[in-house]
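Protein chains in written order, with the numbering used here: chain A, 30 to 259; chain B, 30 to 259.
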DNA sequence: CTAGTTCGATAGTGGCACTATCGAACAGCT
DNA sequence: AGCTGTTCGATAGTGCCACTATCGAACTAG
């Protein structure tokens, strides 16, 4: 398969393929001469993955390269998940380290309450602290109690994610699938939440109208905590 | 308060403030002369919101302007949520309309199964179809049954979101808070899911090691469906 | 009166993700 | 062998975006 074929089959312009090759996102093909290089099905697959991670997942070329590098490491599959996590961009600029420190206790409190065992150096700690700081500065304080139900939902989602990964028989591409589950399911969940918000708000508005009340009251109930104790 | 003060209090460079004024993200101050324009606390608040939406939420300046415009509409609070939703960027390029159509039946099936009442023109329909298409092309088919538990989690999250909004007493800024809940809680949920994945994968790896099994089995249980029938 | 600030307008910068062009080296066909 | 078209790697250019810098004029505070 030549570049032109690769281009045609994936809908990616030749120039872009060359660019990805230059940037190390695509492994080079087999050069059979100065004007003939052959590519295989793995290039098609990789190209699709690149486009999904960048166009849909919103990753930069650099971040995509990191993720792909993590995928290509022949690591313990679940360890790969960690590497992929670390390769992800978590927008926290250096200037707000102080702000992050301010929220660190609350992050610790939440992690403790959930019984989550999270590495001290996880970038997600900082990212979470930064987001909570934003919310707080905007006048929307979220306490640990406020966050706990969300954390329970996240835990349930994570269990679904890992269930799916364990069912994969193709061990060779497990790392790839892990990255896909982590990254491409994220927009799916975000969209589902927005859809649910639309429906839920419709329901509540209707309720408020028909009962002429001051608005519906909370319909939330405690979420059960499915992992069997700690 | 002068620009210099506004700049100092928010940590935003004067040049950037001027830029936001030009772009219509910040309302102009009260001009008291050719070299003196006064700004108020609402400008501080608005500036913080802009920075949160762009730097944290990842919105473009244009998308931020749309969201802010939605916020400034004196609409029914829950309608505002809809307007905010429509102002959000959903990365689906025109070229993949066919692919979207291919997945449309599955989207309908999911919405039907959840009993969600979603407008036919919602951009989220297309966005979801596009994401499912990506997954399918990458060899990770998600059936309606696979997605349902995620949708249940999303519904639970949406209920939490709206509970919070209903508890807000400051009706004037409700639209603003709605945007914050929709947009800035999104990265929080994403981070929580990643943290949960890290913890869950640690647990499963440990389990697999101690039991010397072929890997842990599913720990998922059915999620209950909290809204009282349809 | 003077030094410094702010105004609006315009132009420039840096980063990113491509995209275009070029000459040389072939490949495939006749 | 000759011709046409493709591909090669390298380099340079493009378009967009989010700022950032500069400028002269107008003003304000001390």
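Positions of the beta carbon are idealized from the N, C-alpha and C atoms, including for glycine. Given the structure is predicted, the values throughout are model-derived calculations rather than measurements.
For residue i: DSSP bridge partner residues
{"i": "residue 59 of chain A", "result": "A/67"}
Check whether residue i and residue j have beta carbons under 7 Å apart
{"i": "residue 136 of chain B", "j": "residue 157 of chain B", "result": "yes"}
{"i": "residue 54 of chain A", "j": "residue 94 of chain A", "result": "yes"}
{"i": "residue 186 of chain B", "j": "residue 222 of chain A", "result": "yes"}
{"i": "residue 291 of chain B", "j": "residue 180 of chain B", "result": "Residue 291 of chain B falls outside the range modelled here, since chain B spans only 30 to 259, and no answer is possible."}
{"i": "residue 77 of chain B", "j": "residue 164 of chain A", "result": "no"}
{"i": "residue 147 of chain B", "j": "residue 140 of chain B", "result": "yes"}
{"i": "residue 274 of chain B", "j": "residue 155 of chain B", "result": "Residue coverage of chain B in this structure runs from 30 to 259, which leaves residue 274 of chain B outside it and unanswerable."}
{"i": "residue 66 of chain A", "j": "residue 207 of chain A", "result": "no"}
{"i": "residue 189 of chain B", "j": "residue 216 of chain A", "result": "no"}
{"i": "residue 132 of chain A", "j": "residue 104 of chain A", "result": "no"}
{"i": "residue 205 of chain B", "j": "residue 100 of chain B", "result": "yes"}
{"i": "residue 228 of chain A", "j": "residue 145 of chain B", "result": "yes"}
{"i": "residue 182 of chain B", "j": "residue 82 of chain A", "result": "no"}
{"i": "residue 30 of chain B", "j": "residue 209 of chain A", "result": "no"}
Interface partners of residue i on chain B, CB under 8 Å
{"i": "residue 151 of chain A", "result": "224, 227"}
{"i": "residue 160 of chain A", "result": "85, 213, 216, 217, 220"}
{"i": "residue 37 of chain A", "result": "Near residue 37 of chain A there are no residues of chain B at all, since even the closest Cβ is about 15 Å away, more than 8 Å."}
Proximal residues of chain B, C-beta to C-beta of residue i below 9 Å
{"i": "residue 45 of chain A", "result": "What residue 45 of chain A touches in chain B: nothing, since even the nearest Cβ is about 14 Å away."}
{"i": "residue 75 of chain A", "result": "Correct list: empty, because the minimum Cβ distance to chain B is about 10 Å."}
Neighbouring residues, chain A, relative to residue i (Cβ below 9 Å)
{"i": "residue 211 of chain B", "result": "222, 223, 226"}
{"i": "residue 178 of chain B", "result": "185, 186, 189"}
Cross-chain neighbours of residue i in chain A, by beta carbon under 7 Å
{"i": "residue 94 of chain B", "result": "Within 7 Å Cβ-Cβ: nothing; residue 94 of chain B doesn't reach chain A, min ~18 Å."}
{"i": "residue 215 of chain B", "result": "219"}
Chain-ordered chain A contacts of residue i [CB-CB under 8 Å]
{"i": "residue 112 of chain B", "result": "None at all; the shortest Cβ gap to chain A is about 11 Å."}
{"i": "residue 84 of chain B", "result": "120, 122"}
{"i": "residue 147 of chain B", "result": "224, 227, 228"}
{"i": "residue 233 of chain B", "result": "107, 191, 195"}
{"i": "residue 157 of chain B", "result": "217, 220, 221, 224"}
Cross-chain neighbours of residue i in chain B, by beta carbon under 7 Å
{"i": "residue 230 of chain A", "result": "107, 110, 191"}
{"i": "residue 163 of chain A", "result": "81, 85, 213"}
{"i": "residue 206 of chain A", "result": "169"}
{"i": "residue 182 of chain A", "result": "182, 185, 186"}
{"i": "residue 166 of chain A", "result": "77"}
Nearest-angstrom beta carbon gap, residue j and residue i [assumed within contact, 8 Å]
{"i": "residue 142 of chain A", "j": "residue 173 of chain A", "result": "6 Å"}
{"i": "residue 201 of chain A", "j": "residue 194 of chain A", "result": "Not a contact, Cβ separation roughly 14 Å."}
{"i": "residue 191 of chain A", "j": "residue 226 of chain B", "result": "7 Å"}
{"i": "residue 73 of chain A", "j": "residue 38 of chain A", "result": "6 Å"}
{"i": "residue 96 of chain B", "j": "residue 88 of chain B", "result": "7 Å"}
{"i": "residue 224 of chain B", "j": "residue 153 of chain A", "result": "5 Å"}
Length-filtered (4 minimum) alpha helix (DSSP H) runs lying within the region 135-221 of chain B: Within the region 135-221 of chain B, the complete alpha helix (DSSP H) runs of at least 4 residues are 152-166, 173-195.
Runs of alpha helix (DSSP H) wholly within the region 65-123 of chain A (minimum 4 residues, chain order): 70-80, 90-101, 106-116
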